[in-house]
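Reading through the structure tokens given below for one structure.
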Amino acid sequence: MNNKIKNFFTPAKILAIISIFCAALIAVSFFSDKLVSPLREAVSFVVVPLQRGVNGLGIGVVKGEEKRKTIEELQSYTSELEEKIADLEARNQQLKTDNKELDDLKKLYDMDKSLADYPKVGATIIGISSQNWNESFIIDKGSNDGMEEEMNVISADGLVGIITEVHGNYSKVMTVVSDNSYVTAMDESTKDQCTVKGDISLLDSGKIRLERMKADAGVKDGDKIVTSNISSKYLPGILIGFAGEITEDETGMTKSGYLVPAVDFDHLQNVLVITQKKQVTE
5 MNNKIKNFFT
15 PAKILAIISI
25 FCAALIAVSF
35 FSDKLVSPLR
45 EAVSFVVVPL
55 QRGVNGLGIG
65 VVKGEEKRKT
75 IEELQSYTSE
85 LEEKIADLEA
95 RNQQLKTDNK
105 ELDDLKKLYD
115 MDKSLADYPK
125 VGATIIGISS
135 QNWNESFIID
145 KGSNDGMEEE
155 MNVISADGLV
165 GIITEVHGNY
175 SKVMTVVSDN
185 SYVTAMDEST
195 KDQCTVKGDI
205 SLLDSGKIRL
215 ERMKADAGVK
225 DGDKIVTSNI
235 SSKYLPGILI
245 GFAGEITEDE
255 TGMTKSGYLV
265 PAVDFDHLQN
275 VLVITQKKQV
285 TE
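My numbering puts the sequence shown at residues 5 to 286.
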């Protein structure tokens with residue numbers, strides 16, 4: 005029986021039956037929708053959700069691609085902005101540096117005018133000659149430029165120190181904060197004499213020693229201390245710093261205190277060398 009059925013329903017016959025059935029449905033649909041409506045609904049029940057799923061998947065893929073492109077564009081734009089910001093920050097820092105150098109040069113120019121009677125040569129600090137930058141350093145001027153030992157060195161703010169060694173194209177400068185530095189000084193307003201003694205151990209506190217003032221000296225906190233006219237090495241009237249913490253010594257015969265240097269030694273770059281040396285009459 006089964007063999008008879010298999011022999012009867014051959015592939016060709018099945019295809020012919022399906023073709024005749026489809027043709028009949030098409031013919032009937034011209035006259036009535038009642039027969040095809042159930043089939044249409046059945047197809048819609050299966051096909052529509054499938055179509056929606058395919059559409060949703062397609063939309064998701066498109067949106068995902070658009071989102072990926074948007075993220076890549078934003079990342080590229082952010083990278084460009086970061087590069088521009090970095091460039092602007094570098095330029096801003098350079099402008100600040102240039103302005104600082106201009107300010108320093110202007111102060112040097114003003115100092116040059118205030119000490120116009122003295123011939124001067126500009127120099128740049130090119131190295132250090134001790135373990136501490138503030139104690140001594142090297143400038144780019146030497147005997148070839150007319151430098152000599154005991155020439156005074158100043159900055160835009162005041163006295164820096166004195167030349168202690170001279171070579172062909174460079175010189176060594178000992179600063180007023182060095183332990184070996186002694187400067188005969190005076191109060192600019194009262195003319196009371198005193199001694200400014202370097203003490204590198206006090207540098208972190210921003211001051212050095214002020215000694216050998218008479219008990220009746222009128223030196224007060226905040227007074228300007230300048231080089232004295234009786235100094236053997238330093239030209240008179242150069243600002244050294246400002247007096248502070250003036251107290252009477254235990255003997256009651258002298259006073260002492262501290263001096264805040266006028267020069268910012270931590271950021272010193274350019275100096276002026278006064279080529280006229282102090283002349284002392286023997």
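Even glycine gets a Cβ: it sits at the ideal position worked out from N, Cα and C.
Residue i and residue j look like a contact to me (Cβ under 8 Å); what is the Cβ gap, rounded to whole Å?
i, j, result
"residue 142", "residue 176", "6 Å"
"residue 155", "residue 278", "6 Å"
"residue 174", "residue 146", "5 Å"
"residue 190", "residue 230", "6 Å"
"residue 214", "residue 182", "Their Cβ separation, rounded to whole angstroms, is 16 Å, which puts residue 214 and residue 182 out of contact at 8 Å."
Let's test the definition: count the other Cβ atoms within 10 Å of the Cβ of residue i and tell me whether it reaches 16, buried, or not, exposed.
i, result
"residue 205", "exposed"
"residue 148", "exposed"
"residue 96", "exposed"
"residue 124", "buried"
Hey, how far is the Cα of residue i from the Cα of residue j?
i, j, result
"residue 268", "residue 248", "17 Å"
"residue 252", "residue 167", "34 Å"
"residue 244", "residue 179", "11 Å"
"residue 98", "residue 81", "26 Å"
"residue 274", "residue 227", "26 Å"
"residue 212", "residue 87", "47 Å"
By DSSP's criteria, residue i is part of a beta bridge. Which residues make up the other side?
i, result
"residue 240", "BP columns for residue 240 are empty, so no partner."
"residue 95", "Looking at the DSSP assignment, residue 95 forms no beta bridge with any residue, so it has no partner."
"residue 260", "251"
"residue 246", "228, 264"
"residue 197", "190"
Helix, strand or coil for residue i, going by three-state DSSP, please let me know.
i, result
"residue 280", "coil"
"residue 175", "strand"
"residue 186", "strand"
"residue 79", "helix"
"residue 51", "Any reading at residue 51 must be qualified, since the residue scores a pLDDT of 49, below 50, and its modelled position is unreliable; the value itself is stated next. The answer is helix: DSSP assigns residue 51 an H, G or I state."
"residue 192", "coil"
"residue 127", "strand"
"residue 274", "strand"
"residue 205", "helix"
Is the beta carbon of residue i within less than 8 Å of some heavy atom of the ligand ADP?
i, result
"residue 228", "This structure lacks the ligand ADP, and indeed carries no ligand of any kind."
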